[in-house]
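**Q**
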Amino acid sequence: DQQVKQNSPSLSVQEGRISILNCDYTNSMFDYFLWYKKYPAEGPTFLISISSIKDKNEDGRFTVFLNKSAKHLSLHIVPSQPGDSAVYFCAARTMNDYKLSFGAGTTVTVRA
Amino acid sequence: KAGVTQTPRYLIKTRGQQVTLSCSPISGHRSVSWYQQTPGQGLQFLFEYFSETQRNKGNFPGRFSGRQFSNSRSEMNVSTLELGDSALYLCASSLGDMNTEAFFGQGTRLTVV
Chain D
1 DQQVKQNSPS LSVQEGRISI LNCDYTNSMF DYFLWYKKYP AEGPTFLISI SSIKDKNEDG
61 RFTVFLNKSA KHLSLHIVPS QPGDSAVYFC AARTMNDYKL SFGAGTTVTV RA
Chain Z
113 KAGVTQTPRY LIKTRGQQVT LSCSPISGHR SVSWYQQTPG QGLQFLFEYF SETQRNKGNF
173 PGRFSGRQFS NSRSEMNVST LELGDSALYL CASSLGDMNT EAFFGQGTRL TVV
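So the sequences go chain by chain: D and Z. Numbering of the first sequence is given in the numbering used here, commencing with residue 1 and proceeding in unit increments. Numbering of the second sequence is given in the numbering used here, commencing with residue 113 and proceeding in unit increments.
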């Protein structure tokens, strides 16, 4: 049962433009959300997180938006750079659970 | 500050054998989680240890087991290997409190032939 869904398997964006990655979840008990970036043959690298008490969190070029009523979050990368080309995973956790539930990932390709 | 270290990086085993993977967390981190990544299933949670105790377990058969030592290092064991166990096994460490980020190692690529 996939509780975290990333419905777009891939995204292609031009360098300098905005990348928007989307994530939907079904478990209303999720209260902490994270985004990870992964290069081939490496482990996921933590990017940014957001608690359910917030609707936005920003860190440099990365901003995560949370819409609890829609059970939807998104990651904005502005401006996109060639080094951003990777697989991005959305993950979520409930208050009483230490395991992360991951989406299937979105492969981002930044074109020069 | 050293990151999460997983050994070995690559491993080839034969069906029916058993394997032990190791994970050294970031210094000061007391929680270690294990995940399996396969092309078809994505990242699936195996189990999580905190202060030598298993706190959480995913939906994997009993052939998958783990433990954590007093220095927070963790091992994962898979017995009676099957072809379907071929995957990237990732270890993540965190402080273990709620709303803290988990940091991943580079993983161990296990191939079962």
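Note that beta-carbon positions come from the ideal geometry of N, C-alpha and C, so glycine has one too. Predicted, not measured: the structure shown is a model, and the values here were computed from it.
#1: Whole angstroms are fine: how far does the CA of Z/Gln129 sit from the CA of D/Leu73?
#2: Along the chain, where does the beta strand (DSSP E) that runs through Z/Ala199 open and close?
#3: Does Z/Met188 have its Cβ less than 8 Å from a Cβ in chain D?
#4: Flag Z/Gln218 as yes if its beta-carbon sits less than 8 Å from any beta-carbon of chain B, otherwise no.
#5: Are at least three pairs of beta-carbons, each pair with one atom in the segment 178-194 of chain Z and one in the segment 9-19 of chain D, less than 8 Å apart?
#6: Whose CA, out of D/Phe46, D/Trp35, D/Pro82, lies closest to the CA of D/Val64?
#7: Once DSSP output is grouped into helix, strand and coil, what is the label at D/Leu47?
#8: Does the beta-carbon distance from Z/Ser186 to Z/Ile138 come in below 8 Å?
#9: For Z/Gln166, count neighbouring C-beta atoms within 10 Å of its own C-beta (all shown protein chains included) and say buried if the count is 16 or more, exposed if not.
#10: Determine the DSSP secondary structure at D/Asp84, reduced to helix, strand or coil.
#11: Taking Cβ positions, are Z/Gly170 and Z/Leu158 nearer each other than 8 Å?
#12: With 16 as the cutoff for other CB atoms within 10 Å, does D/Lys99 come out buried or exposed?
#13: Of all the CB atoms in chain D, is at least one closer than 8 Å to the CB of Z/Phe172?
#14: I'd like to know whether the C-beta atoms of D/Ser49 and D/Tyr32 end up nearer to each other than 8 Å.
#15: Alpha carbon to alpha carbon, how far is Z/Glu194 from D/Lys56?
#16: Please decide whether D/Met29 counts as near chain Z, where near means a Cβ-Cβ distance under 8 Å.
#17: Could you check which residue in D/Arg93, D/Leu66, D/Phe89, D/Met95 has the C-alpha nearest to that of D/Ser10?
#18: Please state if the CB of Z/Pro120 and the CB of Z/Thr87 are separated by a distance shorter than 8 Å.
#19: Starting from the beta carbon of D/Lys99, find every residue of chain Z whose beta carbon is closer than 8 Å, and list them in chain order.
**A** For this structure:
#1: Sequence index remark: in the first sequence, residue 73 of chain D carries index 73 (1-based). Sequence index remark: in the second sequence, residue 129 of chain Z carries index 17 (1-based). Spanning the two alpha carbons is a distance of roughly 42 Å.
#2: Stepping through the second sequence from its first residue, residue 199 of chain Z is reached at position 87. Note, Z/Ala199: beta strand (DSSP E), 199-206.
#3: Stepping through the second sequence from its first residue, residue 188 of chain Z is reached at position 76. False, the Cβ-Cβ gap to chain D never drops below 8 Å.
#4: Looking for chain B here will not work: the only protein chains present are D and Z.
#5: no
#6: Numbered from its first residue, the first sequence carries residue 64 of chain D at position 64. Here the closest residue by C-alpha is D/Trp35.
#7: As a working note, residue 47 of chain D is residue 47 in the first sequence. Correct three-state label for D/Leu47: strand.
#8: Translated into the one-based positions of the second sequence, residue 186 of chain Z becomes position 74. Translated into the one-based positions of the second sequence, residue 138 of chain Z becomes position 26. No, they are not a contact pair.
#9: One-based indexing of the second sequence puts residue 166 of chain Z at position 54. Z/Gln166 is exposed by the Cβ-count criterion.
#10: Along the first sequence, one-based indexing puts residue 84 of chain D at 84. In the structure shown, D/Asp84 sits in a helix (DSSP, three-state: H, G or I).
#11: Position 58 of the second sequence, counted from the start, is the residue given in the question as residue 170 of chain Z. Position 46 of the second sequence, counted from the start, is the residue given in the question as residue 158 of chain Z. Yes, they are a contact pair.
#12: For the purposes of this step, residue 99 of chain D is taken as the residue at position 99 of the first sequence. It counts as buried.
#13: One-based indexing of the second sequence puts residue 172 of chain Z at position 60. For Z/Phe172, the answer is no, since every Cβ of chain D falls outside 8 Å of its Cβ.
#14: Locating residue 49 of chain D in the first sequence gives position 49, counting from the first residue. Locating residue 32 of chain D in the first sequence gives position 32, counting from the first residue. Their beta carbons are under 8 Å apart, which means D/Ser49 touches D/Tyr32 by this criterion.
#15: Taking the first residue of the second sequence as position 1, residue 194 of chain Z is located at position 82. Taking the first residue of the first sequence as position 1, residue 56 of chain D is located at position 56. Cα to Cα, the separation comes out at about 44 Å.
#16: Sequence index remark: in the first sequence, residue 29 of chain D carries index 29 (1-based). Taking Cβ atoms only, chain Z never reaches closer than 8 Å to D/Met29, which makes this a no.
#17: Here residue 10 of chain D corresponds to residue number 10 of the first sequence, with the count starting at 1. Taking only the C-alpha atoms, the option nearest D/Ser10 is D/Phe89.
#18: Summary: the structure shown does not reach residue 87 of chain Z, with chain Z confined to residues 113 through 225, and so no result is reported for it.
#19: Here the question's residue 99 of chain D lines up with position 99 in the first sequence. Within chain Z, the residues near D/Lys99 are Ser145, Phe157, Glu160, Asn168, Gly170.
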